């Protein structure tokens, strides 16, 4: 089964470095305004996910979410999280590292789209994570 979100090896290296510094992490694909649809990386617990967020999957042992409204636009695409040199949002943990996470995407094939699991709301995911 194809994943809704993937990660490049370069991004995994940065995520692992950030986990060593900050502990468990969480990603949220932002939906606009100030950070321009960037994947934001936070210490887990500092960003509360809720019913209006969708759990897309796990990258580098880190949960990845997107707002429900944003998901409606991107539900037909696989998100690929990469890292590039430069400064991202000051709120995302990679900012002091001189790199920023970047979302690339590709359209699912018809066969891939047919096999995708139903999206999981963030509050439902959080209840399961708390029970684990």
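Residue numbers (the numbering used here): 1279 to 1410.
Heads up, the beta-carbon is just placed ideally off N, CA and C, and yes, glycines get one too.
Nothing here was measured: the structure is a model prediction, and the numbers come from that model.
Coil, strand or helix - residue 1379 by DSSP: For the purposes of this step, residue 1379 is taken as residue 101 along the chain shown, with counting starting at 1. In the structure shown, residue 1379 sits in a strand (DSSP, three-state: E or B).
Residue 1356 vs residue 1386 beta-carbon contact at 8 Å: Counted from its first residue, the chain shown places residue 1356 at position 78. Counted from its first residue, the chain shown places residue 1386 at position 108. Yes, these two residues count as a Cβ contact at 8 Å.
Close Cβ partners of residue 1301 (< 8 Å) along its chain, the five nearest in sequence each way excluded: Taking the chain shown and counting its residues from 1, the one referred to as residue 1301 is at position 23. Contacts found: 1321 and 1322.
Whether residue 1338 touches residue 1375 by CB criterion (8 Å): As a working mapping, residue 1338 is identified with position 60 in the chain shown. As a working mapping, residue 1375 is identified with position 97 in the chain shown. Result no, Cβ atoms of residue 1338 and residue 1375 do not sit closer than 8 Å.
Alpha carbon of residue 1412 to alpha carbon of residue 1358, nearest angstrom: Because the chain here runs from 1279 to 1410, residue 1412 falls outside it and cannot be looked at.
The alpha helix (DSSP H) enclosing residue 1299, as first and last residue numbers: Translated into the one-based positions of the chain shown, residue 1299 becomes position 21. Here the alpha helix (DSSP H) through residue 1299 covers 1287 to 1300.
Beta-carbon contacts of residue 1397 that lie in its chain and below 7 Å, excluding the five residues immediately before and after: Here the question's residue 1397 lines up with position 119 in the chain shown. Excluding residues within five positions, the ones whose Cβ falls inside 7 Å are 1332 and 1349.
Identity of the residues DSSP links to residue 1362 by a beta bridge: Sequence index remark: in the chain shown, residue 1362 carries index 84 (1-based). Answer by DSSP bridge pairing, in chain order: 1378.
Spatial distance of residue 1280 from residue 1286 (CA atoms): On the chain shown, position 2 is the one that residue 1280 refers to. On the chain shown, position 8 is the one that residue 1286 refers to. Spanning the two alpha carbons is a distance of roughly 15 Å.
Where residue 1336 falls, given that 16 or more other Cβ within 10 Å makes a residue buried: Numbered from its first residue, the chain shown carries residue 1336 at position 58. By the 10 Å Cβ count, residue 1336 comes out exposed.
Contact under 8 Å by Cβ, residue 1340 with residue 1371: Numbered from its first residue, the chain shown carries residue 1340 at position 62. Numbered from its first residue, the chain shown carries residue 1371 at position 93. Against a cut-off of 8 Å, the Cβ pair of residue 1371 and residue 1340 comes out as no contact.
Top-ranked residue by Cα proximity to residue 1366, from 1308, 1298, 1291 and 1284: Translated into the one-based positions of the chain shown, residue 1366 becomes position 88. When only C-alpha atoms are compared, the closest one is 1308.
Residue 1335, DSSP secondary structure in three states: Against the chain shown, residue 1335 aligns to sequence position 57. It is a strand residue.
Residue burial classification, residue 1299 (beta-carbon count within 10 angstroms, cutoff 16): Counting from one through the chain shown, the residue named residue 1299 turns up at place 21. So residue 1299 ends up on the exposed side.
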